[in-house]
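One structure is given below, encoded as structure tokens.
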Amino acid sequence: MSIRGKTAVVGIGYAGLGSSPGWTPIELAARAAECALADAGLHAEDIDGLCASTFYHLFPTLSVSEQLGISPKWSNADMTGGSTFIAQVLQAALAIKAGLCTNVLIVYGSAARSTKDIYGIIDLPLLQASYAPLLPVGAYAMSAARHMHQFGTTRRHLAEVAVAARKWAQLNPDAALQSPLSIEDVLNSPMVCDPLSRLDCCLVSDGGGALIMTSAERARDMPQPPVYVLGVGTAHSHRDISQMTDLTTTGAVESGQRAYNMAGVTVADIDVVQLYDAFTILPILFLEDLGFCKKGEGGPFVADGGIAPGGRLPVNTSGGGLSFVHPGMYGLFALHETCVQLRGHGGRRQVKSPTLGLAHGNGGYFSHQATAILGTGASL
Amino acid sequence: MGTSFNQPGPIDQYLKYLAAGQFKLQRSRSSGKYYYYPRAFTLGMSSRDVEWVDVSGLGRVYSSTIVRRSAKHGGDFNIALVELDEGPRMLTRVLGISPDEVEIGMRVRARIEPPSWEPAASHPLVVFYPEAS
Numbered sequence: 384m385s386i387r388g389k390t391a392v393v394g395i396g397y398a399g400l401g402s403s404p405g406w407t408p409i410e411l412a413a414r415a416a417e418c419a420l421a422d423a424g425l426h427a428e429d430i431d432g433l434c435a436s437t438f439y440h441l442f443p444t445l446s447v448s449e450q451l452g453i454s455p456k457w458s459n460a461d462m463t464g465g466s467t468f469i470a471q472v473l474q475a476a477l478a479i480k481a482g483l484c485t486n487v488l489i490v491y492g493s494a495a496r497s498t499k500d501i502y503g504i505i506d507l508p509l510l511q512a513s514y515a516p517l518l519p520v521g522a523y524a525m526s527a528a529r530h531m532h533q534f535g536t537t538r539r540h541l542a543e544v545a546v547a548a549r550k551w552a553q554l555n556p557d558a559a560l561q562s563p564l565s566i567e568d569v570l571n572s573p574m575v576c577d578p579l580s581r582l583d584c585c586l587v588s589d590g591g592g593a594l595i596m597t598s599a600e601r602a603r604d605m606p607q608p609p610v611y612v613l614g615v616g617t618a619h620s621h622r623d624i625s626q627m628t629d630l631t632t633t634g635a636v637e638s639g640q641r642a643y644n645m646a647g648v649t650v651a652d653i654d655v656v657q658l659y660d661a662f663t664i665l666p667i668l669f670l671e672d673l674g675f676c677k678k679g680e681g682g683p684f685v686a687d688g689g690i691a692p693g694g695r696l697p698v699n700t701s702g703g704g705l706s707f708v709h710p711g712m713y714g715l716f717a718l719h720e721t722c723v724q725l726r727g728h729g730g731r732r733q734v735k736s737p738t739l740g741l742a743h744g745n746g747g748y749f750s751h752q753a754t755a756i757l758g759t760g761a762s763l
Numbered sequence: 190m191g192t193s194f195n196q197p198g199p200i201d202q203y204l205k206y207l208a209a210g211q212f213k214l215q216r217s218r219s220s221g222k223y224y225y226y227p228r229a230f231t232l233g234m235s236s237r238d239v240e241w242v243d244v245s246g247l248g249r250v251y252s253s254t255i256v257r258r259s260a261k262h263g264g265d266f267n268i269a270l271v272e273l274d275e276g277p278r279m280l281t282r283v284l285g286i287s288p289d290e291v292e293i294g295m296r297v298r299a300r301i302e303p304p305s306w307e308p309a310a311s312h313p314l315v316v317f318y319p320e321a322s
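These protein sequence lines are chains A and B, in that order.
The first sequence stops at residue 763 when you use this note's numbering, and every number in between is there.
The second sequence stops at residue 322 when you use this note's numbering, and every number in between is there.
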């Protein structure tokens, strides 16, 4: 049974991005769900499947369904960190295809900025916590240091990722950060965990995000151009950064290949790319691991505006977690922007006529990877 | 299977050895492979295959970072991944030198010490110093 092209994203929305003091994660999730329902031309009572996940709730699907006043007959509250929602696209596609439900809401909310709490109820194993390692940034810093050591990647390469994100953000009216940013600004920014400076780190935002999926048959009669789910792949590799086999190679190698295989496409077919960018080193590793360049060549690939507007590959066209929004689990926003681009609704940041988009999510400290390949009707 | 639950669990056992001044890790009797962190059961090592053995405490910095902190909050400190000569990698700290002097590839030697940082722990931990010191 192939699920390629059998389901589609038919509604997208976000709400309260940036700073929303006095709003709870579930309330922000509910407003995002309201936006996605309106976008899809559906009503709350049409939702019979629910995926939800936050860093703040053990029972996110119970809290969201109660808030919305719905009674889903299928739900999923997976937790693999920021990759969760991309993995849930696969779960939702399977549930719809199996006939367990018809319309699935995938929803997220966070008040990370207003509450100054980016950790929520995340549990740290004792032998990690005892060393007070400043996670997650310390783990990614050690990956960046290792990539520099092995491949000659430079801080300037890392800065290119932040500058490209800002240039895309300047084309996105909803992006949090719009002011000009130079390579020198990033290089001169105060260090947080060497070699990562303040401007190598993502935003900490409030906000909610939501997607609605349904069957491809139903999607054809709905208001928005359907964005078809062609392939999704996931991969677990470790939890603690000390257990990562090679700090410069992630499970995106496996998740990407699984997604390409399911979609029946290759990396050369991908038109627009959204890569989890909690820190500037992440897109460099994912460009390598997903096959856009060879291992070790991510730095040169992003150099000279390689992933900025007008560069060799459009990456993080919303401005990403670095300049658009990052409430702690960015994966849902990678999916959202992929849908915006494939619908052709990107305004000034719209990539020319994309057919295939790739959204890649990361969880933990490179611990879990999830890759989704979505496409327009032309991709079927 | 093969475990008496009136004996300490793996992490508890590891910390009890440290408290007694011994740096021991689990090793598979059948394969000779060492494991960190200690586990109850894992691929390649059944619960009946476990032996606790002393390790040399010698290793090499696999990667490292300087966590920046204001002097008021205790100043900069090092966090590192050390690859033991026996194979496993540990999240730890390299002490005894300035955090900016810790380099990838540097040879280091373990010491068992109570942590000098917050959160205060009730048990000593394995930290590392440059091998020559």
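Glycine residues also receive a C-beta, built at the ideal position from the N, C-alpha and C atoms.
Query, Result
"Checking 7 Å against the spacing of the C-beta atoms, do A/G465 and A/G744 come in under that value?", "yes"
"Below 8 Å on the Cβ atoms is my guess for A/H532 versus B/I293; work out the distance and round it to an integer in Å.", "5 Å"
"If we cut at 7 Å on Cβ distances, does B/A310 have a partner in chain A?", "yes"
"Spatial neighbours of A/N555 within its chain, please: C-beta separation below 7 Å, excluding the five flanking residues on both sides.", "S701, G702, F707 and R732"
"Hey, could you find the ends of the beta strand (DSSP E) A/W457 is sitting in?", "W457 to N459"
"Distance check for A/E449 and A/T665, CA to CA, integer angstroms please.", "Inspection of the sequence shows that residue 665 of chain A is occupied by Leu rather than by Thr. For A/L665 and A/E449, the distance between alpha carbons rounds to 36 Å."
"Compute the Euclidean distance between the alpha carbons of A/A512 and B/W306, then round it to the nearest angstrom.", "12 Å"
"Chain A partners of B/P304, CB-CB under 7 Å?", "S513"
"For the beta strand (DSSP E) containing A/Q471, list its first residue and its last residue.", "That residue, A/Q471, is in no beta strand (DSSP E); its alpha helix (DSSP H) goes T467 to K480."
"Classify B/L247 as helix, strand or coil using the three-state DSSP reduction.", "strand"
"DSSP three-state call for A/R547: helix, strand or coil?", "Before going on, a small fix: residue 547 of chain A reads as Ala here, not Arg. Helix."
"Looking at the strands, I want to know which residues DSSP matches up with A/C584.", "A/F662"
"Just to make sure I have the definition right: I need the residues of chain A whose C-beta is within less than 7 Å of the C-beta of B/T281. Which are they?", "Y514"
"Is the CB of B/S331 under 7 Å away from at least one CB in chain A?", "As shown, chain B starts at 190 and ends at 322. That puts residue 331 of chain B outside it, with no answer to give."
"Is there a Cβ from chain B that is less than 7 Å from the Cβ of A/G634?", "no"
"When we look at the beta-carbon of B/G191 and count the other beta-carbons within 10 Å, is it buried (16 or more) or exposed?", "Any reading at B/G191 must be qualified, since the residue scores a pLDDT of 49, below 50, and its modelled position is unreliable; no value is offered."
"What are the residues of the stretch 256-267 of chain B that lie near chain A, defined by any Cβ-Cβ distance shorter than 8 Å?", "V256 and R257"
"Between B/M190 and chain A, is any beta-carbon pair separated by less than 7 Å?", "Reliability of the predicted coordinates at B/M190 is poor, the pLDDT of 47 falling under 50, and no value is obtained from them."
"Exposed or buried, which one is B/E290 when buried takes at least 16 other CB atoms within 10 Å?", "exposed"
"Measure from the C-beta of B/Y226 to each C-beta in chain A and report whether the shortest distance is under 7 Å.", "yes"
"Just to confirm, are A/G634 and A/Q474 a CB contact at a threshold of 7 Å?", "no"
"So what's A/F669 in DSSP terms, helix, strand or just coil?", "helix"
"For a contact meaning CB atoms closer than 8 Å, what does B/L270 contact in chain A?", "M525, I624, S625 and L630"
"How far does the beta strand (DSSP E) with A/S493 in it extend, from its first residue to its last?", "V487 to A494"
"Can you list, in chain order, the residues of its chain whose CB lies under 6 Å from that of A/P519, leaving out five sequence neighbours each side?", "Y748"
"Mark A/T649 as exposed unless 16 or more other C-beta atoms lie within 10 angstroms of its C-beta, in which case mark it buried.", "exposed"
"Mind the definition here: the stretch 467-487 of chain A touches the stretch 536-549 of chain A only if three or more C-beta pairs lie below 8 Å; say whether that holds.", "no"
"Buried or exposed, going by whether 16 or more other CB atoms sit within 10 Å of the CB of A/D629?", "exposed"
"Any contact of the stretch 503-517 of chain A with the stretch 640-647 of chain A, i.e. 3+ C-beta pairs under 8 Å?", "no"
"Would you identify the three-state DSSP class for B/S252, choosing helix, strand or coil?", "strand"
"List, from N- to C-terminal side, the beta strand (DSSP E) runs of 3 residues or more that fit wholly inside the stretch 279-319 of chain B.", "296-302 and 314-319"
"Whose Cβ in chain B lies nearer than 8 Å to the Cβ of A/R529?", "Y251, S252 and I293"
"Using a Cβ-Cβ cut-off of 6 Å (strictly less than) and excluding sequence neighbours within five positions of A/S620, which residues of its own chain qualify?", "G634"
"Strictly below 7 Å CB to CB, what residues from chain B border A/D577?", "T254 and I255"
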